[in-house]
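Report on the structure given below.
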Amino acid sequence: MKIHMLEVGFNGTNSYLVEDNDSCILIDPGADGEKILSLIQEENLTLEKIILTHGHFDHIGAVEYLREGTGAKIFVHSEDKEYLMDEKKNLSFFTGDLIEPFTADNLMEDGDMVGKFRVIHTPGHTPGSICLYNEDEGVLFSGDTIFKNGYGRTDFPGGDLQVLINSIKKLLELPADTVVYPGHGPATTIAEFRLYIG
């Protein structure tokens, strides 16, 4: 597995292009679709799936551009499907740069397998927030659920601190050496996050 991290958009969203042989998945294309598409073409990859960890504007902004450019299928958790069609829920209304409504091709649920990744439903930041876990590789893509020395905000529509705390407890059960690739900021590990939480 080869992971390409691209920082996109004005607030530094991490978008991940994950290669496995000649195919790849893209996690959270928040903006800068041209930049992402250029990398896909440079690496001579076939993009099959675009997976959204949640429905906020800074994680979904380049989806339609990339779907049109690659034919990739869009995956989102069922509880965030409305975020893709509602500029107030996805917060693009507040940026002045509205995201045109779109729909996902596939709705995910907790425990689903998307390629080699298991979907872990981690609501709290949004109702349909997810993490993607590859047990064989010891890798977790955490979206805005947890970061290095931090966790997701819960003051946006659909956020809930107690629900997020319960989601974090689930992630703390993963192996300590699991590498965490968050939606913003540098990578960390479950062990480091346990120390941060105390």
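Under my numbering, the first residue of the sequence shown is numbered 9, with each subsequent residue one higher. All C-beta atoms, glycine included, are put in the ideal place defined by N, C-alpha and C.
In this structure, the CA atom of F110 is about 12 Å from the CA atom of D88. Within 10 angstroms of the beta-carbon of L140 lie 16 or more other beta-carbons, which makes it buried. Taking the Cα of N157 as reference, the smallest distance to any Cα among G146, F201, L55 is reached at F201. Counting C-beta pairs closer than 8 Å gives fewer than three between the stretch 148 to 157 and the stretch 112 to 121, which falls short of the contact rule. Three or more pairs of CB atoms, one per stretch, sit closer than 8 Å, so the stretch 62 to 71 contacts the stretch 79 to 97. In terms of Cβ geometry, L34 and V26 form a close pair [threshold 9 Å].
In terms of CA proximity to E108, S100 leads the group S100, L148, L115.
Judged by their CB atoms, H85 and H64 are not nearer to each other than the 9 Å cut-off.
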